[in-house]
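Below is one structure, written out as structure tokens, with a few remarks after it.
Protein chains: 2
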Amino acid sequence: MKLYDYFRSSAAYRVRIAIELKGLAIQRIPVHLARGEQRRADYLAKNPQGLAPALELDDGTILTQSLAIIDYLDALAPHPLLTPKDPLRAAKVRGVALAIACDIHPLNNRRVLDYLRERLGQDDSGVDAWIHHWALQGGLEAVERLVEPGPFCFGAQPTLADVCLVPQLFAARRFSTPLETLPKLLAVEAHCLAHPAFAAAEPSRQADAEP
Amino acid sequence: MKLYDYFRSSAAYRVRIAIELKGLAIQRIPVHLARGEQRRADYLAKNPQGLAPALELDDGTILTQSLAIIDYLDALAPHPLLTPKDPLRAAKVRGVALAIACDIHPLNNRRVLDYLRERLGQDDSGVDAWIHHWALQGGLEAVERLVEPGPFCFGAQPTLADVCLVPQLFAARRFSTPLETLPKLLAVEAHCLAHPAFAAAEPSRQADAEP
């Protein structure tokens, strides 16, 4: 299998954490989003959305969307299982993962920030205000209230919620979003980053990393 | 169980379709998003995100996020199963559902359009351009290429992909997004809307519907 990856993409970072937690050997193919490689015809033929990540199976089948890819990996390599089997536990874990993946990340995605700058004339302060607003209100401040006692988001084992949280906090730091209202999430993040699988997936440790 | 619902919310509409397909009896409690009822303290105590829908179980447990709620209902009432058991089929269905739920819907959500008008000074034409851009490019035009032969998005039975597609096309029509580049999706939509469960979930048929 091959993962079409970009070191700084939050969505690709989620899949990398899942791969590392499960100890899978999956080739990484960088798609340089900042240089627009995701809009090249050969990549669009693989993923019509023009987004990273995408997972290419050995028969050439392409899977898109980070959470769909991680669910697939959960079925393929269920140790550790990132979405619990119990339906109620699964719903709570997915509730946090989707709060991040649907209601925070898409709003501070590169393509949206480019639109704000290029088509709506926003300067750095306008873009920063947008990012901080969606990251916090109805976003991470709500997630802070949805997680359970730690050390991970939902107890003693990492789940899909942690896999989504750590990249979102990475993005928040990169955009200098103030995080002092999120003590529980910061404690979860510190616990995750001390785990070798989460550490191996960090953007700065990828082959395509840039300063 | 009780569903906190709003007739015009795409995310709530998804859950209503799932409920109708499965023939579940679930009380609907309207939360009037246009009047800001989702920001009242009593609702925020239930769903800290301040979004609809939310599902309240009989013991008072609250589940948030439409796709997490639908997965829970799939476990509780698996006929029909909206995400297939086969991991590869599931990944393809989820890929389409998440393309809509992550990369289209959050960008034309009411709260985002309010921000564009109130904080970025956009008029109707600026807001419409934003909506159409995200609905089509990398959005529904990509989904058009990801679905399989019909009559539903993935064959003969409705799945989570259809449950997400129909409300997104409803929103697109409401915003007058041009849809002529999406013949496969429009054929799927017509097939779905002829199905009594999809029809019963339509916004205009809800008790809280307004003109």
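Going line by line, the protein sequences match chains A and B.
All letters in the first sequence, in the order written, are residues 1 to 211 by our numbering.
All letters in the second sequence, in the order written, are residues 1001 to 1211 by our numbering.
C-beta atoms are modelled at their ideal positions from N, C-alpha and C, and glycine is treated no differently.
Keep in mind it's a predicted model, so treat the numbers as computed, not measured.
* To do: Verify whether the separation of the beta carbon atoms of E20 (chain A) and P196 (chain A) is less than 9 Å.
  => Working through the first sequence from its first residue, we reach residue 20 (chain A) at position 20. Working through the first sequence from its first residue, we reach residue 196 (chain A) at position 196. Going by C-beta atoms, E20 (chain A) is nearer than 9 Å to P196 (chain A).
Whether V147 (chain A) touches L185 (chain A) by CB criterion (9 Å):
For the purposes of this step, residue 147 (chain A) is identified with residue 147 of the first sequence, where counting begins at 1. For the purposes of this step, residue 185 (chain A) is identified with residue 185 of the first sequence, where counting begins at 1. Contact flag set, yes.
Which residues of chain B have a Cβ atom closer than 9 Å to the Cβ of T177 (chain A), listed in chain order?
The residue labelled residue 177 (chain A) in the question sits at position 177 within the first sequence. Near T177 (chain A) there are no residues of chain B at all, since even the closest Cβ is about 16 Å away, more than 9 Å.
- Query: Can you give the Cα-Cα distance for K46 (chain A) and G139 (chain A), rounded to whole angstroms?
  - Reply: Translated into the one-based positions of the first sequence, residue 46 (chain A) becomes position 46. Translated into the one-based positions of the first sequence, residue 139 (chain A) becomes position 139. One C-alpha to the other measures close to 31 Å.
Tell me the rounded alpha-carbon separation between V1166 (chain B) and E1189 (chain B). Locating residue 1166 (chain B) in the second sequence gives position 166, counting from the first residue. Locating residue 1189 (chain B) in the second sequence gives position 189, counting from the first residue. The alpha-carbon atoms of V1166 (chain B) and E1189 (chain B) are separated by roughly 6 Å.
*Taking Cβ positions only, does L1081 (chain B) come closer than 9 Å to chain A?*
To locate residue 1081 (chain B), count along the second sequence from 1; it is residue 81. It does not: the Cβ of L1081 (chain B) has no partner Cβ on chain A nearer than 9 Å.
Review point. If you run the structure through DSSP and keep just helix, strand and coil, what is Q1027 (chain B)?
Key: As a first step, residue 1027 (chain B) is located in the second sequence; it is residue number 27 there, counting from the start. Here Q1027 (chain B) sits in strand by DSSP.
query = Is any beta-carbon of chain B found at less than 9 Å from that of C164 (chain A)?
reply = Position 164 of the first sequence, counting from 1, holds the residue named residue 164 (chain A). It does not; no Cβ of chain B falls within 9 Å.
Query raised in the report: Do we get a CB-CB distance below 9 Å when we pair D103 (chain A) with the residues of chain B?
Result: Here residue 103 (chain A) refers to the residue found at position 103 of the first sequence. Yes, D103 (chain A) counts as interfacial toward chain B.
Report the rounded CA-to-CA distance for P1158 (chain B) versus V96 (chain A), giving the unit in angstroms.
-> Start at 1 with the first residue of the second sequence, and residue 1158 (chain B) comes out as number 158. Start at 1 with the first residue of the first sequence, and residue 96 (chain A) comes out as number 96. P1158 (chain B) and V96 (chain A): Cα-Cα distance of roughly 26 Å.
**Prompt:** With a cut-off of 8 Å, do at least 3 Cβ pairs link the stretch 1075 to 1084 of chain B to the stretch 46 to 55 of chain A?
**Reply:** no
- Along the chain, where does the beta strand (DSSP E) that runs through L1055 (chain B) open and close? As a working mapping, residue 1055 (chain B) is identified with position 55 in the second sequence. Here the beta strand (DSSP E) through L1055 (chain B) covers A1054 to E1056.
Taking Cβ-Cβ distances below 9 Å as the criterion, which residues of the stretch 104 to 118 of chain A are in contact with chain B?
I104, H105, P106, L107, N109, R111, V112, Y115 and L116
message = With a threshold of 8 Å, are at least 3 pairs of Cβ atoms found where one atom belongs to the stretch 1026 to 1045 of chain B and the other to the stretch 1005 to 1015 of chain B?
response = Contact check between the stretch 1026 to 1045 of chain B and the stretch 1005 to 1015 of chain B: three or more CB pairs, one atom from each, fall below 8 Å, which counts as touching.
request  = Identify which residue in B:L1067, B:R1040, B:I1062 and B:L1044 has its Cα closest to the Cα of R1014 (chain B).
outcome  = To locate residue 1014 (chain B), count along the second sequence from 1; it is residue 14. Ranking the options by Cα distance to R1014 (chain B), first place goes to B:L1067.
Practice item. Evaluate the contact criterion for the stretch 34 to 45 of chain A versus the stretch 112 to 124 of chain A: three or more CB pairs, one atom per stretch, below 8 Å. Key: no
inquiry  = Please return the same chain residues whose Cβ sits closer than 6 Å to the Cβ of L1182 (chain B), not counting the five positions on each side in sequence.
reply    = Taking the first residue of the second sequence as 1, we reach residue 1182 (chain B) at position 182. Taken in chain order, the residues that qualify are L1140 and E1144.
Margin query: So with CB distances below 7 Å, who are the chain A contacts of P1048 (chain B)?
Written below: The count along the second sequence starts at 1 and reaches residue 1048 (chain B) at position 48. Simply A142, R145 and L146.
Query raised in the report: Is it the case that the Cβ atoms of Q65 (chain A) and L1098 (chain B) are separated by a distance below 9 Å?
Result: Here residue 65 (chain A) refers to the residue found at position 65 of the first sequence. Here residue 1098 (chain B) refers to the residue found at position 98 of the second sequence. It is a contact, given that the beta carbons lie within the stated cut-off.
* To do: Please check if any C-beta of chain B sits within less than 9 Å of the C-beta of G36 (chain A).
  => As a position in the first sequence, residue 36 (chain A) is number 36, starting the count at 1. Chain B contact via Cβ: absent.
Item to complete: At 4 residues or longer, and completely inside the stretch 1 to 25 of chain A: list those alpha helix (DSSP H) runs for me, N to C.
Response: 10 to 22
Please report the Cβ distance between C1102 (chain B) and A101 (chain A), rounded to the nearest whole angstrom; I am assuming they are in contact, meaning their Cβ atoms lie under 8 Å.
Within the second sequence, the letter at position 102 stands for residue 1102 (chain B). Within the first sequence, the letter at position 101 stands for residue 101 (chain A). Their Cβ separation, rounded to whole angstroms, is 5 Å, which keeps C1102 (chain B) and A101 (chain A) in contact under 8 Å.
Option in A:L160, A:R111, A:A172 and A:I62 with minimal Cα separation from W1134 (chain B): Indexing the second sequence from 1 puts residue 1134 (chain B) at position 134. Distance from the Cα of W1134 (chain B) is smallest, within the candidate group A:L160, A:R111, A:A172 and A:I62, for A:R111.
Would H1132 (chain B) count as contacting chain A if we go by Cβ distances under 9 Å?
Numbered from its first residue, the second sequence carries residue 1132 (chain B) at position 132. No, H1132 (chain B) lies away from the interface with chain A (no Cβ there is under 9 Å from its Cβ).
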